[in-house]
Ligand code: ADP
Ligand code: ADP
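Numbering (the UniProt record's numbering), first residue to last: 1 to 228.
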């Protein structure tokens with residue numbers, strides 16, 4: 001469960017990015033976050049994984065009140081969150097396998113468990129055959145598969161994705177969406193900021209539209225609703 005209560009976020013330069021926002025996202029939901037550039041979508045999402053703190057208000061994720069946790073406790077909190085970004089953020093000197101295994105090594109899982117689980121998730125996202133390759137040897141879509149494998153390897157309750165198809169061509173974007181749908185079908189909550197109108201209008205899910213730091217629309221099976 002993700003809940004925001006009267007959340008405001010003003011950046012140090014005075015920009016008000018989120019301006020009084022309330023929302024509840026239930027376990028297992030699939031939510032698109034849409035809106036024009038500069039609307040506050042990234043800030044909204046970053047606050048969910050404690051990359052940014054609200055200036056006021058409260059945020060609860062999996063029962064944890066985020067504004068009150070110490071910085072030193074953030075990595076512990078993030079064990080239950082998977083993160084996927086537009087630019088993949090893979091470690092370039094690590095192989096596919098190592099990028100995914102690393103997420104389990106930092107939480108000190110047993111080597112046998114790591115080996116089994118990493119191959120399992122690489123299989124799930126369809127990239128097992130490239131386990132020994134480096135990110136630079138992969139296409140964008142393949143790199144995003146690896147990033148998704150890394151995000152789910154520790155079986156998080158929530159996956160948060162910021163424009164995950166933003167750097168991918170339409171066909172690859174659909175393949176990536178199939179993987180996200182599969183992950184959500186297995187019970188993982190998914191929150192995804194996107195500008196991809198075709199995807200939002202074809203894979204119908206909850207749509208939260210943000211403009212000027214506020215939710216202006218929240219629909220059960222919504223449309224993208226913008227021209228671009
Ligand atoms: P979106 O993801 O919808 O494009 P953002 O959340 O990135 O919107 O940005 C919302 C507003 O906050 C914009 O005016 C943006 O310029 C500003 N902003 C975002 N990040 C920062 C930052 N680190 N410092 C100052 N202003 C920021
Ligand atoms: P099995 O093949 O044992 O029936 P599944 O096909 O359901 O299991 O899942 C294959 C693997 O994917 C399992 O090991 C499981 O841990 C993992 N998995 C299942 N659901 C998720 C999820 N929501 N996120 C990440 N990994 C998952």
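For glycine and all other residues, C-beta sits at the position ideal for the given N, C-alpha and C.
Ligand 1 has a heavy atom closer than 6 Å to the beta-carbon of residue 37. Runs of the beta strand (DSSP E) spanning 3 or more residues and lying entirely within the segment 166-208 occur at 189-193, in chain order.
Cβ neighbours of residue 90 within its own chain (closer than 7 Å, five residues either side excluded): 99, 135, 143, 146, 147. DSSP, read as helix, strand or coil, puts residue 88 in coil.
Judged by DSSP secondary structure, residue 77 falls within the alpha helix (DSSP H) whose first and last residues are 74-78. For residue 151, the shortest separation between its Cβ and any heavy atom of ligand 1 does not lie below 6 Å. Per DSSP, residue 99 is one residue of the alpha helix (DSSP H) stretching across 96-105.
Remark: the shortest separation between the CB of residue 28 and any heavy atom of ligand 1 does not fall under 6 Å. The continuous beta strand (DSSP E) containing residue 217 extends over residues 214-219.
Fewer than three pairs of CB atoms, one per stretch, sit closer than 8 Å, so the segment 180-189 makes no contact with the segment 65-78.
Note on geometry: alpha-carbon atoms of residue 161 and residue 181 lie some 13 Å from one another. Taking the CA atoms as reference points, residue 50 sits about 7 Å from residue 66.
In the structure shown, residue 153 falls within a coil segment according to DSSP collapsed to helix, strand and coil. Closest by C-alpha distance to residue 151, out of 133, 170, 128, 118, is 118. Within the chosen limit of 6 Å, ligand 1 does not reach the beta carbon of residue 224 with any heavy atom.
Annotation for residue 92: 134, 135, 136 place their beta carbon closer than 8 Å to its own, counting only its chain and skipping 5 residues before and after. DSSP places residue 22 within a strand segment (E or B) once states are collapsed to three.
For residue 5, the CB contacts under 7 Å within the same chain, skipping 5 residues up- and downstream, are 22, 57, 58 in chain order. The alpha-carbon separation between residue 201 and residue 111 amounts to approximately 43 Å. Pairing residue 83 with residue 131, the inter-Cα distance amounts to about 20 Å. Judged by beta-carbon spacing, residue 61 lies beyond the 7 Å limit of residue 206, meaning their Cβ atoms are not closer than that value.
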